[in-house]
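The structure under discussion appears below in the form of structure tokens.
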Amino acid sequence: TQLLEQSPQFLSIQEGENLTVYCNSSSVFSSLQWYRQEPGEGPVLLVTVVTGGEVKKLKRLTFQFGDARKDSSLHITAAQPGDTGLYLCAGTDMDSNYQLIWGAGTKLIIKP
Amino acid sequence: NAGVMQNPRHLVRRRGQEARLRCSPMKGHSHVYWYRQLPEEGLKFMVYLQKENIIDESGMPKERFSAEFPKEGPSILRIQQVVRGDSAAYFCASSQVTYEQYFGPGTRLTVT
Numbered sequence: 001t002q003l004l005e006q007s008p009q010f011l012s013i014q015e016g017e018n019l020t021v022y023c024n025s026s027s028v029f030s031s032l033q034w035y036r037q038e039p040g041e042g043p044v045l046l047v048t049v050v051t052g053g054e055v056k057k058l059k060r061l062t063f064q065f066g067d068a069r070k071d072s073s074l075h076i077t078a079a080q081p082g083d084t085g086l087y088l089c090a091g092t093d094m095d096s097n098y099q100l101i102w103g104a105g106t107k108l109i110i111k112p
Numbered sequence: 113n114a115g116v117m118q119n120p121r122h123l124v125r126r127r128g129q130e131a132r133l134r135c136s137p138m139k140g141h142s143h144v145y146w147y148r149q150l151p152e153e154g155l156k157f158m159v160y161l162q163k164e165n166i167i168d169e170s171g172m173p174k175e176r177f178s179a180e181f182p183k184e185g186p187s188i189l190r191i192q193q194v195v196r197g198d199s200a201a202y203f204c205a206s207s208q209v210t211y212e213q214y215f216g217p218g219t220r221l222t223v224t
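Those sequence lines, one after another, are chains A and B.
Mapping the first sequence onto our numbering, position 102 (from 1) lands on 102, and the numbers just tick up by one.
Our numbering runs 112 ahead of the 1-based position in the second sequence.
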């Protein structure tokens with residue numbers, strides 16, 4: 001059974017600080033997605049990474065896919081209160097290209 | 113380009129009634145997925161459909177639950193004879209490529 005371990009589960013930091021969220025697995029994924037979910041809403045897709053070693057930037061957010069495609073990280077520079085939310089990683093099973101394996105989520109709070 | 117649309121956003125049903133949840137995928141997307149989310153829990157895969165075909169319904173209870181994605185019109189998730197345990201948020205996602213899934217805002221079903 002594939003698992004995605006996401007850490008930390010909870011993070012509360014001051015505005016302006018940097019942070020990194022990790023998703024790790026012992027399994028290889030064909031792709032990995034990062035989502036952000038607000039209370040009462042559906043997950044919003046932030047990025048998809050497909051190639052080992054790939055780095056994608058979305059304003060102050062930097063996403064990296066590990067060389068072996070077993071892990072990924074999300075780095076936020078100069079966090080703002082608007083970044084507050086639940087961040088989820090989801091990997092695509094190698095055998096089934098649609099089954100998403102979900103991390104447990106990181107609840108991020110940015111204090112002004 | 114409108115996102116994934118779901119309606120209703122909130123649905124209240126008495127035990128024994130039927131619940132019908134609708135999902136209109138993003139324009140150009142031919143893959144539809146349904147997920148269930150219980151409070152404080154992750155998303156659980158229910159079913160994957162393409163137009164007029166159920167591809168994978170392994171996550172859907174065999175009884176009382178059914179899903180369709182007709183040639184014309186939205187995808188429908190139907191729950192017959194609802195019970196209190198069916199109360200949850202139901203999310204629909206759509207994709208053009210199977211691993212990059214875009215989620216709708218969800219339907220919150222409450223069974224009284």
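A virtual CB, placed ideally from N, CA and C, is assigned to each residue, including glycine.
State the DSSP-derived secondary structure class of residue i, mapped to helix, strand or coil.
i                : result
Asp93 (chain A)  : coil
Arg36 (chain A)  : strand
Asp83 (chain A)  : helix
Asn18 (chain A)  : coil
Phe65 (chain A)  : strand
Ser31 (chain A)  : strand
Glu235 (chain B) : Absent from the model: residue 235 (chain B). The displayed extent of chain B is 113 to 224, so no value can be given.
Tyr98 (chain A)  : coil
Glu5 (chain A)   : strand
Val116 (chain B) : coil
Ala104 (chain A) : coil
Thr219 (chain B) : strand
Ser26 (chain A)  : coil
Ala78 (chain A)  : coil
Lys57 (chain A)  : strand
Going along the chain, which residues of its own chain have a beta-carbon closer than 7 Å to the beta-carbon of residue i, five neighbours each way excluded?
i                : result
Val223 (chain B) : Arg125, Arg127, Val194, Val195, Arg196, Asp198, Ser199
Thr48 (chain A)  : Ser31, Gln33
His141 (chain B) : Ser206, Ser207, Gln208
Ser7 (chain A)   : Tyr22
Tyr35 (chain A)  : Pro43, Val44, Leu45, Leu46, Leu88, Ala90
Pro186 (chain B) : Arg134, Cys135, Ser136
Pro120 (chain B) : Thr219
Could you check whether the Cβ of residue i sits closer than 8 Å to any Cβ belonging to chain C?
i               : result
Tyr98 (chain A) : Chain labels in this structure do not include chain C; the protein chains are A and B.
Checking the sheet assignment: what are the DSSP bridge partners for residue i?
i                : result
Val47 (chain A)  : A:Trp34
Arg125 (chain B) : B:Val223
Lys111 (chain A) : A:Gln14
Could you pull out every residue in the same chain whose Cβ sits closer than 6 Å to the Cβ of residue i, ignoring the five residues on either side in sequence?
i                : result
Gln64 (chain A)  : Val55, Ser73
Phe177 (chain B) : Ile191
Leu61 (chain A)  : Ile76
Glu130 (chain B) : Gln192
Ser12 (chain A)  : Ile109
Leu86 (chain A)  : Gln37, Gly105, Lys107
I'd like the list of long-range same chain contacts for residue i, defined as Cβ closer than 8 Å, with 5 residues on each side in sequence excluded.
i                : result
Lys183 (chain B) : Lys163, Glu164
Asn18 (chain A)  : His75, Ile76, Thr77, Ala78, Ala79
- For the segment 22–38 of chain A, enumerate the residues whose C-beta is nearer than 8 Å to any C-beta of chain B, in chain order. Ser30, Ser31, Gln33, Tyr35
- Write down every uninterrupted run of the beta strand (DSSP E) in the segment 159–199 of chain B whose length is 3 residues or greater and which is fully enclosed by it, in chain order. 165–168, 177–180, 187–191
- Item | Complete runs of the beta strand (DSSP E) confined to the segment 127–160 of chain B [at least 3 residues] | 131–136, 143–149
- Query: Relative to chain B, which residues along the segment 35–61 of chain A have a C-beta separation below 9 Å, given in chain order?
  - Reply: Tyr35, Gln37, Gly40, Glu41, Gly42, Pro43, Val44, Leu45, Thr48, Val50
- Task: With 8 Å as the C-beta to C-beta threshold (strictly closer), list the residues of the segment 66–83 of chain A near chain B in chain order.
- Result: none
- Item | Contact list for the segment 183–215 of chain B against chain A, Cβ threshold 9 Å | Ala201, Phe203, Cys204, Ala205, Ser207, Val209, Thr210, Tyr211, Glu212, Gln213, Tyr214, Phe215
- Task: Could you list the residues in the segment 135–155 of chain B with a C-beta less than 8 Å from some C-beta on chain A, going in chain order?
- Result: His143, Tyr145, Gly154, Leu155
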